[in-house]
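The next block holds one structure in the form of structure tokens; read it before the comments.
There are 2 protein chains.
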Amino acid sequence: MDPTERLLRACRGEPVDRPPVWLMRQAGRYLPEYRRVREEVSFLELCSDVERAVEVSLQPLRRVGTEAVILFSDIFVPLLGAGVDVEFTPGPTLARPIRTRGQVEALRAPDPTGSVPYVFEIVRRLREELADLRIPLIGFSGAPFTLAAYLVEGGGSRDFRALKRLMFDEPEVLRGLQAWLVELVVKYLNAQIEAGAQVVQLFDTWAGILSPDDYREWVLPVHREIAAKVDRNSAPLVLYVGNGAHVLDAAIESGADVVSLDWRVDLAEAVRRSEGRVSLQGNLDPAALSAPRDEIFARVRAMAAAAAPARGHVLNLGHGCLPDTPVEGVRAFTDAARALGDGAGA
Amino acid sequence: MDPTERLLRACRGEPVDRPPVWLMRQAGRYLPEYRRVREEVSFLELCSDVERAVEVSLQPLRRVGTEAVILFSDIFVPLLGAGVDVEFTPGPTLARPIRTRGQVEALRAPDPTGSVPYVFEIVRRLREELADLRIPLIGFSGAPFTLAAYLVEGGGSRDFRALKRLMFDEPEVLRGLQAWLVELVVKYLNAQIEAGAQVVQLFDTWAGILSPDDYREWVLPVHREIAAKVDRNSAPLVLYVGNGAHVLDAAIESGADVVSLDWRVDLAEAVRRSEGRVSLQGNLDPAALSAPRDEIFARVRAMAAAAAPARGHVLNLGHGCLPDTPVEGVRAFTDAARALGDGAGA
Numbered sequence: 496m497d498p499t500e501r502l503l504r505a506c507r508g509e510p511v512d513r514p515p516v517w518l519m520r521q522a523g524r525y526l527p528e529y530r531r532v533r534e535e536v537s538f539l540e541l542c543s544d545v546e547r548a549v550e551v552s553l554q555p556l557r558r559v560g561t562e563a564v565i566l567f568s569d570i571f572v573p574l575l576g577a578g579v580d581v582e583f584t585p586g587p588t589l590a591r592p593i594r595t596r597g598q599v600e601a602l603r604a605p606d607p608t609g610s611v612p613y614v615f616e617i618v619r620r621l622r623e624e625l626a627d628l629r630i631p632l633i634g635f636s637g638a639p640f641t642l643a644a645y646l647v648e649g650g651g652s653r654d655f656r657a658l659k660r661l662m663f664d665e666p667e668v669l670r671g672l673q674a675w676l677v678e679l680v681v682k683y684l685n686a687q688i689e690a691g692a693q694v695v696q697l698f699d700t701w702a703g704i705l706s707p708d709d710y711r712e713w714v715l716p717v718h719r720e721i722a723a724k725v726d727r728n729s730a731p732l733v734l735y736v737g738n739g740a741h742v743l744d745a746a747i748e749s750g751a752d753v754v755s756l757d758w759r760v761d762l763a764e765a766v767r768r769s770e771g772r773v774s775l776q777g778n779l780d781p782a783a784l785s786a787p788r789d790e791i792f793a794r795v796r797a798m799a800a801a802a803a804p805a806r807g808h809v810l811n812l813g814h815g816c817l818p819d820t821p822v823e824g825v826r827a828f829t830d831a832a833r834a835l836g837d838g839a840g841a
Numbered sequence: 496m497d498p499t500e501r502l503l504r505a506c507r508g509e510p511v512d513r514p515p516v517w518l519m520r521q522a523g524r525y526l527p528e529y530r531r532v533r534e535e536v537s538f539l540e541l542c543s544d545v546e547r548a549v550e551v552s553l554q555p556l557r558r559v560g561t562e563a564v565i566l567f568s569d570i571f572v573p574l575l576g577a578g579v580d581v582e583f584t585p586g587p588t589l590a591r592p593i594r595t596r597g598q599v600e601a602l603r604a605p606d607p608t609g610s611v612p613y614v615f616e617i618v619r620r621l622r623e624e625l626a627d628l629r630i631p632l633i634g635f636s637g638a639p640f641t642l643a644a645y646l647v648e649g650g651g652s653r654d655f656r657a658l659k660r661l662m663f664d665e666p667e668v669l670r671g672l673q674a675w676l677v678e679l680v681v682k683y684l685n686a687q688i689e690a691g692a693q694v695v696q697l698f699d700t701w702a703g704i705l706s707p708d709d710y711r712e713w714v715l716p717v718h719r720e721i722a723a724k725v726d727r728n729s730a731p732l733v734l735y736v737g738n739g740a741h742v743l744d745a746a747i748e749s750g751a752d753v754v755s756l757d758w759r760v761d762l763a764e765a766v767r768r769s770e771g772r773v774s775l776q777g778n779l780d781p782a783a784l785s786a787p788r789d790e791i792f793a794r795v796r797a798m799a800a801a802a803a804p805a806r807g808h809v810l811n812l813g814h815g816c817l818p819d820t821p822v823e824g825v826r827a828f829t830d831a832a833r834a835l836g837d838g839a840g841a
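Chains as they are written, first to last, in the numbering used here: chain A, 496 to 841; chain B, 496 to 841.
Rendered as structure tokens:
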């Protein structure tokens, strides 16, 4: 079974010889060859530099043996050219956070193929590079709630006070902003699929800050709308909710084909709750990649065993790869995944 | 029913006229009279200044009508005088984080009554002040895992890499540190009870960073040991695990009398899982205190209704009160709790 078939079948709940494997944020600072590229260009430049973005996207394939490639980009990229005044310092920062109806109305009509055409060029180039290897290409986008969190806070945040004040005091402003973001995200993901992405992942990194009731009001309907409008016939949709153990049922009901689990979710319980409706992805604690190789193998075997009754399972971390992760730990992770196939007669 | 009887009965699962109410971090920066005291002394000075600590502990009673008082202090206080070199900048920071067996062995034998006697003097004074009002006094401690996280990281952290490296690579060092902390915490809580605390709360603010399996290995046995050694006949034990939706079952099995829920836990589900074994505390999103008064009332009613089938319920937030919380929001919260008693014939 080739890696593309394995990943697509696992996402759709069809039988596979063993779970496919890749890592969130697999192209990043833990790789020396990535750090060398970053000495030449800033993070934002790298996202729009087609040659270099293709290069860093492919780096983990060679170095750590992952079996899928994810577009190198940032969740903020589709917002560029939409009238948002963002700088990377190093995280995304807005001089003027978006908190009023007037600011929401001033946002340009979403047109990602016009405003960030290089993203789709990177996708096309990657698909060409990967065709002969039969390695699948994954596209992605930040989810509306997470993008709204950045836009309203003006950057990262601990307590998300500005966002929650808007939620509680001026909900119609936040609803307007989310509606604009849904349109943007749907166009952005569909354009990636058209350019060659074979799977697309929606990252709702911050949606886990909400209580279960507030999540069902503010986030679930947005995910459902995206799942309904993205061309899932051409590319399965994966949904990741950061720190989302308490909203797992809602994630399962989102309409996504795969739910990507934070490491703080009990995998066996997620299998039970999924009731065969979705495949699951994850969910090793990224910090565990600094453990001895034997321990990483044991944890991968335990994950695969826990997830075996699921409709499908994609081996992955429960969060993005950390910058100081040892390369040999990542290698051990993908080796352990391949070892699951030994003796399976595949 | 007086406030002391109401709180103690709710903690022990005995019938009450309505849920008692207090707020985590109810004495703090959101109160103008607290900010005035803090203009005169540093945070750490305030923790050891008996007169002022008593004063700020009592402030929320008068201003926002909470029905319990919690000792004003910091989870780092019992570590002072134990050979730990900590500064507040403004969070606790260690010049030399504890990461070796030698450093663990160099820690002094825990002796909180000798090293931080003012804590127990504050407790004694508060109990005297509150006796006539029949307002209960709550003591507290940080839990070993959370204190270990600070000691190993040398301060706050986002990914807790140093702590997790120790967990994965030198577990015996972390076990030694936790064993020392268990001894300290048990002595510290029992000395507070002896000085007059009527309820004690254990704050495991950071334990939610662990996967469910790692939590069961590293945290649950520690909680069980503390629950077995603290004088719970004299003062019920409340356990708070920050961001702990994924370890709720383990928190329920901790031996604590009350589990205090993060706002990201579904309260109705927690009631079901508790199966009458523990009482529950919580769990409004602290950010919701900036909502309109009507909305706060509606949320308090919804919480009380969801928790009604529980063994007992203490109305509280799902995290500490935020510094920019409007005073009128806190007042609305306690008013809403009292309004639950109207018409109940109590």
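Heads up, the beta-carbon is just placed ideally off N, CA and C, and yes, glycines get one too.
What did DSSP end up calling residue i once you bin it into helix, strand or coil?
{"i": "residue 705/A", "result": "coil"}
{"i": "residue 565/B", "result": "strand"}
{"i": "residue 487/A", "result": "Since the first residue of chain A shown is 496 and the last is 841, residue 487/A is not available in this structure."}
{"i": "residue 673/A", "result": "helix"}
{"i": "residue 440/A", "result": "Since the displayed chain A opens at 496 and closes at 841, residue 440/A lies outside it and no answer follows."}
{"i": "residue 691/B", "result": "coil"}
{"i": "residue 516/A", "result": "strand"}
{"i": "residue 578/A", "result": "coil"}
{"i": "residue 496/B", "result": "coil"}
{"i": "residue 827/B", "result": "helix"}
{"i": "residue 711/A", "result": "helix"}
{"i": "residue 626/A", "result": "helix"}
{"i": "residue 833/B", "result": "helix"}
{"i": "residue 840/A", "result": "In this predicted model, residue 840/A has a pLDDT of only 35, less than 50, meaning its place in the structure is not dependable; the value taken from the coordinates is given anyway. Three-state result, residue 840/A: coil."}
{"i": "residue 616/A", "result": "helix"}
{"i": "residue 685/A", "result": "helix"}
{"i": "residue 816/A", "result": "coil"}
Taking residue i as the query, report the chain B residues whose CB atoms sit under 9 Å from its CB, ordered along the chain.
{"i": "residue 530/A", "result": "What residue 530/A touches in chain B: nothing, since even the nearest Cβ is about 18 Å away."}
So with CB distances below 9 Å, who are the chain A contacts of residue i?
{"i": "residue 785/B", "result": "656, 659, 660, 663 and 664"}
{"i": "residue 670/B", "result": "Here the premise fails: no neighbours, minimum Cβ distance about 16 Å."}
Residues of chain B with CB under 8 Å from residue i, in chain order?
{"i": "residue 790/A", "result": "663"}
{"i": "residue 703/A", "result": "759"}
In the DSSP output, which residue or residues are listed as bridge partners for residue i?
{"i": "residue 587/A", "result": "583/A"}
{"i": "residue 736/A", "result": "699/A"}
{"i": "residue 632/A", "result": "564/A"}
{"i": "residue 473/B", "result": "The requested residue 473/B does not occur in the structure, where chain B is confined to residues 496 to 841."}
{"i": "residue 637/A", "result": "698/A"}
Below 7 Å on C-beta distance, what does residue i contact in chain A?
{"i": "residue 741/B", "result": "740, 759, 760 and 761"}
{"i": "residue 819/B", "result": "656"}
{"i": "residue 706/B", "result": "758, 759 and 780"}
Residue i: beta carbon under 6 Å from a heavy atom of the ligand SAM?
{"i": "residue 511/A", "result": "For the structure depicted, the ligand SAM is absent and the ligand set is empty, with no information on it obtainable."}
Mind checking if residue i is an interface residue toward chain E, Cβ cutoff 7 Å exclusive?
{"i": "residue 816/A", "result": "Protein chains A and B are contained in the structure displayed, whereas chain E is not."}
Report yes or no: do three or more beta-carbon pairs, one from the region 754–768 of chain B and one from the region 756–772 of chain A, lie closer than 8 Å?
Touching, no.
Which whole runs of the alpha helix (DSSP H) in the region 529–562 of chain A are 4 residues long or more, in chain order?
Counting whole runs of 4 or more residues, the region 529–562 of chain A contains the alpha helix (DSSP H) stretches 538–543 and 545–559.
Entirely within the region 755–795 of chain B and at least 3 residues each: give me those beta strand (DSSP E) ranges in chain order.
774–776, all fully within the region 755–795 of chain B.
Indicate whether the contact test is met: 3 or more Cβ pairs, each with one atom in the region 795–813 of chain B and one in the region 765–774 of chain B, closer than 8 Å.
The region 795–813 of chain B vs the region 765–774 of chain B: in contact.
Is there contact here, the region 623–632 of chain A with the region 667–685 of chain A, by at least three beta-carbon pairs under 8 Å?
Touching, no.
On the three-pair Cβ rule with 8 Å, is the region 819–837 of chain A touching the region 771–790 of chain B?
No, the region 819–837 of chain A is not in contact with the region 771–790 of chain B.
Any contact between the region 566–578 of chain A and the region 639–648 of chain A? By contact I mean 3 or more CB pairs, one from each, below 8 Å.
The region 566–578 of chain A, when compared against the region 639–648 of chain A, does touch it at the 8 Å Cβ threshold.
With contact counted as at least three CB pairs below 8 Å, one residue from each stretch, are the region 586–600 of chain A and the region 645–655 of chain A in contact?
Because the criterion of three Cβ pairs below 8 Å is met, the region 586–600 of chain A and the region 645–655 of chain A touch.
Indicate whether the contact test is met: 3 or more Cβ pairs, each with one atom in the region 546–562 of chain B and one in the region 506–518 of chain B, closer than 8 Å.
They touch, by the three-pair rule.
For the region 655–665 of chain A against the region 718–730 of chain A, are there 3 or more C-beta pairs whose distance is under 8 Å?
Taking 8 Å as the limit for Cβ pairs, the verdict is that the region 718–730 of chain A does not touch the region 655–665 of chain A.
The region 699–710 of chain B contacting the region 666–673 of chain B, beta-carbon criterion three pairs below 8 Å:
Touching, no.
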